[in-house]
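A.B. asks:
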Amino acid sequence: MSVRPDAALLDQRLEQLLEADLAERERLLSEIDEPSASLLRRMLAVASDNQTTTLSGMQAPWLQCSGDIAPPPIPGLRFIAEIGRGGMAVVYAAERDVHGVAEPVAVKLLAGAVQNELEEHRFLNEQRILAELKHPNIATLLDVGICDGRAYMVMERIDGVPIDQARSISQVGIESLLDAVLQVADALQAAHARLVIHRDIKPGNVLVDAHGQVKLIDFGIAKRLVDQPFVTKDTLTGTMPLTLRYASPEQLMGKAVGVGSDIYQLGLLCYVLLTGLWPYPDEGEGSFPSQRLQSQGGPELASRRVREPRLRRLLEGDLDSILLKCLSFAPADRYRSMDEFSEDIRRYRERQPVAPGGRPAGIWRNGSSLGIDWWSPPCWRRWH
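Position in the sequence shown (from 1) plus 6 gives the number in the working numbering.
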């Protein structure tokens, strides 16, 4: 059985490769033993792609693009303001005339001429996916069309903020946080039932309104679990769209991605929201997240990362085991479905033991009688 190199060595070698020209990269890679060389090639492909085409560190779900392109005069729509912009699309707040009533909507437009066929496929793929997904926690697609050669989508406009900034949750505490997480899980379960995986679960793509209602947005890099040409082009071209900070190990390694990847990302988001901390202490904000590529070790227990005694007791046991199962290196070791994950969260809230398969070895239940209404997650204390 091969042993993976440690994270520090991977980061060091990746930095050298990124700074080298193509010829020097090949020379350096030829001097590295397998399987490290193959792993570094995959890491290099992802890291190079993310320098220009990914969303890491941004609140908005689209990258910035250059140039001011006025929206075309789409009949029945009145554009109000630009609210998002990226390499592929521009998003506007607008109003739609519905029988004389102005309905607030969001309009996502391809940003001028399509740069390549892959961008057009992704945009059309998002349209097809959203047209099939009808769920109260998924942003609703209202209309699609083409105007002046530019494809567009009309969607419900969500009066909400990213989940890590939501006062409607932070003022109530962990009960409302877990309720929000369950809403995301329900939305993802609905998508998975339609053989769709989101692939980009992060705070900016989970919006919460003033009443605690959650909406999952941005299916721009979503993928079907069936083989269709307009979603397999990512693999054929070597392009791997993702958000580095929230990517699953299999995404980072360019392997096949299934529902386990969404489970990993939601578990990672839940960990950060509960603790205000990152489960991989050695991963810097802008560095390649190589620590999670190691099959041994894994993330630190949430309860061991926090200092506040009451919060530590709250996390010990079931919440630790739930999060650790989500963040398992191998997809087969995670929850098999979002429904399984949700069931364990609900059992925890009802002070019942989680399912036996949900507790990794060495994790034991503790503090199940604690009340959980008093606590405000530390990640929000920094802002509120």
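Using N, Cα and C, we set each Cβ at its ideal position, and we do this for glycine too.
Pull up the distance between the alpha-carbon of ARG319 and that of ILE89, whole angstroms please.
C.D. replies: One C-alpha to the other measures close to 41 Å.
A.B. asks: So GLY273 and LEU333 are in contact, right, with Cβ under 8 Å, and what is the actual spacing, rounded?
C.D. replies: 5 Å
A.B. asks: Counting beta carbon pairs with one atom in the segment 207–217 and one in the segment 255–266, are three or more of them shorter than 8 Å?
C.D. replies: no
A.B. asks: According to DSSP, simplified to helix, strand and coil, what is LYS331?
C.D. replies: helix
A.B. asks: What residues match up with PHE347 in a beta bridge as DSSP calls it?
C.D. replies: Looking at the DSSP assignment, PHE347 forms no beta bridge with any residue, so it has no partner.
A.B. asks: Select from GLY226, ASP185, HIS204 the residue whose C-alpha is nearest the C-alpha of ARG355.
C.D. replies: ASP185
A.B. asks: Rounding to the nearest angstrom, what Cα-Cα distance links ARG19 and HIS204 in this structure?
C.D. replies: 31 Å
A.B. asks: VAL265 lies in the alpha helix (DSSP H); which residues open and close that run?
C.D. replies: 265–281
A.B. asks: For GLU162 and PRO110, what's the separation of their Cα atoms in angstroms?
C.D. replies: 7 Å
A.B. asks: Pick from ARG33, HIS217, ILE223, VAL113: whose alpha carbon is nearest that of ALA76?
C.D. replies: VAL113
A.B. asks: Taking the alpha carbon of ALA95 as the reference point, which residue from ARG156, VAL360, ALA117, ARG84 has its own alpha carbon closest?
C.D. replies: It is ALA117.
A.B. asks: Any idea what DSSP makes of GLN22, helix, strand or coil?
C.D. replies: Looking at GLN22 - three-state DSSP - the assignment turns out to be helix.
A.B. asks: So ARG156 and LEU115 are in contact, right, with Cβ under 8 Å, and what is the actual spacing, rounded?
C.D. replies: Right, their Cβ atoms sit about 6 Å apart.
A.B. asks: Under 8 Å by Cβ, that's how I've got TYR270 and ARG340 pegged, so tell me the actual separation to the nearest angstrom.
C.D. replies: 6 Å
A.B. asks: Looking only at its chain, what residues have a beta carbon closer than 6 Å to the beta carbon of ASP103, apart from the 5 residues adjacent to it on each side?
C.D. replies: Setting aside the 5 residues that flank it on each side, ASP103 is surrounded in the same chain by GLY82, each with a C-beta closer than 6 Å to its C-beta; the list follows chain order.
A.B. asks: Jot down the residue ranges of each uninterrupted alpha helix (DSSP H) in the segment 142–226, minimum 4 residues, whole runs only, in chain order.
C.D. replies: Fully contained in the segment 142–226 are the following alpha helix (DSSP H) runs of length 4 or more, in chain order: 173–176, 180–199.
A.B. asks: Could you work out which residue in GLU125, ILE169, PRO79 is closest to ASP154 when comparing CA atoms only?
C.D. replies: PRO79
A.B. asks: Applying the criterion that 16 or more other CB atoms from any shown protein chain within 10 Å of the CB defines a buried residue, is ASP165 buried or exposed?
C.D. replies: exposed
A.B. asks: Are HIS141 and ALA191 close, meaning C-beta to C-beta below 7 Å?
C.D. replies: no
A.B. asks: Which residue from LEU250, GLY282, PRO287 puts its Cα closest to that of ASP170?
C.D. replies: For the residues LEU250, GLY282, PRO287, the minimum Cα distance to ASP170 belongs to GLY282.
A.B. asks: With C-beta atoms as the reference, is VAL220 less than 7 Å away from GLN189?
C.D. replies: yes
A.B. asks: In the DSSP assignment, what residue or residues form a beta bridge with LYS114?
C.D. replies: VAL97, MET159
A.B. asks: Which residues bound the beta strand (DSSP E) around LEU83?
C.D. replies: 83–91
A.B. asks: Secondary structure at ASP27, three-state DSSP: helix, strand or coil?
C.D. replies: coil
A.B. asks: Leaving out the 5 sequence neighbours to the left and right, which residues in its chain are closer than 6 Å to SER348 when beta-carbon positions are compared?
C.D. replies: LEU188, ALA191
A.B. asks: Alpha carbon to alpha carbon, what distance is there between TYR98 and GLY149?
C.D. replies: Note that residue 149 is Asp in the sequence shown here, rather than Gly. In a straight line, the C-alpha of ASP149 is about 14 Å away from that of TYR98.
A.B. asks: Which whole-angstrom value is the C-beta distance of ASP399 and VAL278, which I expect to be below 8 Å?
C.D. replies: No statement about residue 399 is possible, as the shown extent of the chain runs from 7 to 390 and does not include it.
A.B. asks: May I ask you to report which of helix, strand or coil DSSP gives GLN138?
C.D. replies: Correcting the residue type first, residue 138 is Glu in the shown sequence and not Gln. If DSSP states are grouped into helix, strand and coil, GLU138 belongs with the helices.
A.B. asks: Helix, strand or coil for ASN56 per DSSP?
C.D. replies: Because the pLDDT at ASN56 is just 48, under 50, the model does not fix this residue reliably, and the value given afterwards should be weighed accordingly. Here ASN56 sits in helix by DSSP.
A.B. asks: What three-state label does DSSP hand ARG230 in the structure shown?
C.D. replies: strand
A.B. asks: Should ILE144 and ALA228 be called a contact, given that it needs their Cβ atoms to be closer than 7 Å?
C.D. replies: no
A.B. asks: Looking at the unbroken alpha helix (DSSP H) that takes in PRO78, where does it start and where does it end?
C.D. replies: Here PRO78 belongs to no alpha helix (DSSP H), and DSSP marks it neither H nor E.
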